[in-house]
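S.K.:
Protein chains in written order, with the UniProt record's numbering: chain G, 1 to 269; chain W, 1 to 443.
1. Within the stretch 183-245 of chain W, note down every full beta strand (DSSP E) run reaching 3 residues or more, in order along the chain.
2. With distances taken Cα to Cα, identify the nearest neighbour of residue 346 of chain W among W:188, W:280 and W:83.
3. Can you find a C-beta in chain W that's less than 8 Å from the C-beta of residue 227 of chain G?
4. In the DSSP assignment, the beta strand (DSSP E) including residue 163 of chain W goes from what residue to what residue?
5. Does any C-beta atom of chain G lie closer than 8 Å to the C-beta of residue 368 of chain W?
6. Starting from the beta carbon of residue 337 of chain W, find every residue of chain B whose beta carbon is closer than 8 Å, and list them in chain order.
7. Please state the DSSP three-state secondary structure of residue 267 of chain W.
8. Quick one: which unbroken alpha helix (DSSP H) runs of 4-plus residues sit fully inside the stretch 277-320 of chain W? Chain order, please.
9. Run down chain G in chain order and give the residues with a C-beta less than 8 Å from the C-beta of residue 444 of chain W.
10. Thinking just about the alpha-carbon of each residue, which of W:130, W:114, W:94 and W:135 is nearest to the one in residue 115 of chain G?
11. By the criterion of Cβ-Cβ separation under 9 Å, what are the contact partners of residue 273 of chain G in chain W?
12. Cβ of residue 250 of chain W less than 8 Å from any chain G Cβ?
13. Mapping the DSSP letters down to three states, classify residue 368 of chain W as helix, strand or coil.
14. What is the DSSP secondary structure of residue 135 of chain W, reduced to helix, strand or coil?
15. Between the stretch 18-28 of chain G and the stretch 173-180 of chain G, do at least 3 Cβ pairs fall closer than 8 Å?
16. In terms of residues, what are the limits of the alpha helix (DSSP H) holding residue 86 of chain G?
17. Chain G partners of residue 290 of chain W, CB-CB under 8 Å?
18. Between the alpha carbons of residue 386 of chain W and residue 4 of chain G, how many angstroms are there, rounded?
19. Decide if residue 11 of chain G is buried, meaning its Cβ has at least 16 other Cβ atoms within 10 Å, or exposed.
20. If you follow the beta strand (DSSP E) that residue 53 of chain W is in, where does it begin and where does it stop?
21. Name the chain W residues that come within less than 9 Å of residue 50 of chain G, Cβ to Cβ?
22. Rounded to whole angstroms, what is the Cα-Cα separation between residue 314 of chain W and residue 148 of chain G?
23. Closest to residue 96 of chain W by C-alpha separation, out of G:120, G:47 and G:194, would be which residue?
24. Residue 270 of chain W versus chain G: which residues are under 9 Å apart at the beta carbon?
25. Give a yes or no on whether the C-beta atoms belonging to residue 62 of chain G and residue 187 of chain G are separated by under 8 Å.
26. Give me, in chain order, the residues of the same chain whose beta-carbon lies closer than 8 Å to that of residue 423 of chain W; leave out the 5 immediate sequence neighbours on both sides.
27. Mind checking whether residue 113 of chain W and residue 352 of chain W have CB atoms under 8 Å apart?
28. Buried or exposed for residue 167 of chain G, going by 16 or more other Cβ atoms inside 10 Å?
29. What residues from chain G crowd round residue 195 of chain W, counting only those whose CB sits closer than 7 Å?
30. Run down chain G in chain order and give the residues with a C-beta less than 8 Å from the C-beta of residue 287 of chain W.
31. Can you tell me the Cα-Cα spacing of residue 238 of chain W and residue 199 of chain G, whole angstroms?
32. Could you pull out every unbroken alpha helix (DSSP H) segment of at least 4 residues lying fully inside the stretch 120-155 of chain G, listed in chain order?
33. Can you pull the chain W residues whose beta carbon is under 9 Å from the beta carbon of residue 10 of chain G, in chain order?
34. Taking just the CA atoms, how far does residue 36 of chain W sit from residue 402 of chain W?
35. For residue 240 of chain W, which residues in the same chain have their Cβ closer than 6 Å to its Cβ, ignoring the five residues on either side in sequence?
36. Could you please give the first and the last residue of the uninterrupted beta strand (DSSP E) stretch that includes residue 441 of chain W?
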């Protein structure tokens with residue numbers, strides 16, 4: 001446990017400490033000690049202004065991809081997972097097989113075929129090229145499916161039907177609440193996946209104005225290599241700290257809903 | 001299984017045929033064709049918009065100056081990534097048939113990979129072949145693939161020895177003129193201070209090929225479809241004989257090149273020399289501020305004391321076949337590397353490949369305060385004149401570099417001889433090339 005804690009916290013400590021150093025200090029002082037000058041705020045200022053403030057643009061892009069992409073993925077996964085769990089129809093087993101299969105294929109392997117597909121549609125180098133693929137979350141669908149099977153009693157839906165509610169109304173008014181912990185979990189996974197998504201935007205986008213933070217920061221990092229090298233390690237590090245903060249906040253915030261939900265099905269009324 | 005085999009054979013045949021037709025057009029048909037620059041001049045007058053992919057920091061100033069000179073032309077400047085990232089995108093755009101830029105920066109080592117499948121415009125059709133006399137021989141060779149011209153050289157990287165004068169003076173080490181002296185210097189320095197190393201190298205494909213180049217090796221030769229690979233030729237052996245002693249004697253620092261540690265080590269003197277391209281002073285000045293006043297430049301050590309060097313790095317700008325306005329794109333390339341674009345490039349620390357700039361007194365006599373007032377360009381420019389002739393890269397050098405670590409890199413890691421690593425590299429490259437539809441033979 002203590003080892004595990006060290007293993008997780010040391011890189012984080014290194015990152016935060018390094019973010020307080022100037023570029024020369026970064027290159028002249030050991031990793032886990034502070035530099036001569038406390039430059040955190042200066043670094044943050046520089047991060048937001050370097051290259052005409054493109055960091056802010058990348059931050060905005062990432063938020064856009066997360067809100068539309070991860071949000072959409074959650075909505076779609078919820079609706080589809082619920083439908084598959086609660087309704088009987090032909091081809092259900094086939095869908096099950098496809099979804100399980102889709103979970104097994106890593107997104108990285110699909111990136112290049114997806115690129116060629118989107119290129120035919122003329123969608124590469126636009127935000128849609130990043131958003132549309134992230135709308136699909138087979139794992140989220142599967143999670144909701146499993147969760148809905150257990151969390152929503154068929155009797156409850158029957159009762160609602162007898163009371164005269166339509167299927168849409170049942171979904172929106174009755175089951176959605178029951179599904180909340182599952183939805184939050186899926187949303188959390190989708191947010192983290194989209195926030196950290198690297199390979200897909202790397203392949204799809206060539207205009208830096210549409211980069212998310214991951215690709216943008218890597219571009220700054222790559223500047224340190226080769227004939228015209230211009231290392232800005234201090235900005236890469238400060239940018240990374242700024243990048244993980246929203247994710248940490250989202251995690252802490254959503255975790256409350258998530259934890260309270262985990263006990264939901266444990267007591268039989 | 002038989003069916004499968006037949007299909008594979010068919011696929012290989014189809015690929016070979018596709019390659020043959022693709023290679024045929026730029027390589028043979030227009031081999032000696034030299035057009036005129038009229039259409040380029042006309043395109044400049046007419047104006048238009050082009051997209052330019054590059055990662056060079058000079059680009060911003062260059063594009064601004066170009067647009068000021070030709071207000072009718074708009075250049076859409078995009079930094080699509082550095083090196084490998086940009087090539088991945090370029091490759092994707094070419095495969096997809098659209099989405100690529102009009103002009104792209106391509107390193108010399110990557111050029112054949114894009115030129116041979118016919119993705120780039122042969123600039124001979126605009127008469128740019130007449131510029132040959134204005135460039136150093138080695139850079140001109142680098143942009144010429146099978147007699148077709150796929151760009152105008154921008155930066156060049158004739159190699160030199162950058163050394164930490166402070167370290168050398170402190171331990172009374174003479175600046176090495178030969179590789180044997182370099183070896184002695186490595187031993188002497190490390191013995192005097194075990195924290196200091198003559199240089200750092202954990203295996204770098206660009207460095208390895210440059211060193212074989214300097215030693216007179218010609219490991220890769222190709223006429224487009226047939227490739228010969230010999231990573232065990234006399235040149236390669238000459239180099240490994242020296243370098244094996246450094247690796248196996250643990251005389252090299254294992255700090256990874258271009259990492260923050262590496263920059264740090266260059267600043268504090270724990271890496272005492274770098275054998276690298278002439279573009280390095282710009283990197284020193286912008287990124288190794290702690291080393292200011294400590295470093296100096298000397299000619300690259302040789303095997304027999306006779307001056308000879310090689311190129312390391314450097315890139316060109318090419319026009320893509322995909323471009324909807326290739327004449328205007330070519331005009332931009334001409335301005336960049338054969339016109340007023342060179343000045344902002346040199347001003348931002350770039351090392352040119354044009355002989356006029358390399359021999360201008362202002363360039364040669366500039367005293368560089370970072371190097372203690374040394375006129376470093378005299379050394380660097382002299383190196384550009386003695387680059388060993390006849391070098392060429394593989395048509396799939398990018399792939400080769402990506403698998404270098406699995407083969408030669410292991411020799412470094414395990415301290416075994418580099419020659420056996422080179423043989424493993426060669427075997428991988430022969431297999432890969434044959435799978436790609438080339439006819440590759442070893443030796």
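In this text, a Cβ means the ideal position worked out from N, Cα and C, and glycines have one as well.
Note that this is a predicted model, so its numbers are computed, not measured.
M.R.: According to the structure shown:
1. 220-222 and 226-229
2. W:280
3. yes
4. 159-164
5. no
6. The displayed structure is made up of protein chains G and W, and chain B is not among them.
7. helix
8. 280-287
9. The question about residue 444 of chain W has no answer here: the residues shown for chain W are numbered 1 through 443.
10. W:94
11. Shown here, chain G extends from 1 to 269; a query on residue 273 of chain G therefore has no answer.
12. no
13. strand
14. strand
15. no
16. 71-86
17. 24, 27 and 28
18. 57 Å
19. exposed
20. 48-53
21. In chain order: nothing, as chain W lies at least about 13 Å away.
22. 59 Å
23. G:120
24. Those do not exist, as residue 270 of chain W stays about 12 Å from chain G at its closest Cβ, beyond 9 Å.
25. no
26. 231 and 232
27. no
28. exposed
29. What residue 195 of chain W touches in chain G: nothing, since even the nearest Cβ is about 14 Å away.
30. 224, 229, 230 and 231
31. 41 Å
32. 128-134 and 138-151
33. Correct list: empty, because the minimum Cβ distance to chain W is about 17 Å.
34. 40 Å
35. 418 and 419
36. 439-442
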